[in-house]
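>
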Amino acid sequence: MTKAELVAKIAEKNGTSKAQAEASMNAILDVIQGELAAGNKLTLTGFGTFSVSERKARTGRNPRTGKEIKIPACKVAQFKPGKVLKEAVK
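If you're matching positions, the sequence shown starts at 153 in the working numbering and goes up one per residue.
Put into structure tokens, the structure is as follows:
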């Protein structure tokens with residue numbers, strides 16, 4: 153499913169226009185992104201938890217040449233599904 157398809161389903165389910173549904177979805181995504189950028193954790197009870205973790209610097213290999221390369225440390229976004237979401241997917 154694409155973002156446009158998701159917006160269309162939200163608009164249909166709520167009886168609103170696609171523009172209103174897209175504005176709401178963009179606002180939600182902006183809040184989630186802002187919280188993660190600030191290093192905070194965001195929990196949506198039943199759905200899941202968004203968080204940020206740090207990966208340490210490590211040594212990897214270029215698969216084409218086999219040469220070792222240094223991979224710098226970085227922060228990554230993570231999502232852990234909640235109980236209700238896990239049960240719905242089963």
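The C-beta atom is built at its ideal place from N, Cα and C for all residues, glycine as well.
1) So what's SER176 in DSSP terms, helix, strand or just coil?
2) Got a sec, what are the start and stop residues for the alpha helix (DSSP H) LYS155 sits in?
3) Once you ignore the five residues that flank THR217 on each side, which residues in its own chain have a CB closer than 7 Å to its CB?
4) Mark ALA209 as exposed unless 16 or more other C-beta atoms lie within 10 angstroms of its C-beta, in which case mark it buried.
5) Could you tell me which uninterrupted alpha helix (DSSP H) segments, each at least 4 residues in length, are contained entirely in the segment 194-237, listed from first to last along the chain?
In short, the structure shows the following:
1) helix
2) Start and end: 155-166.
3) none
4) exposed
5) none
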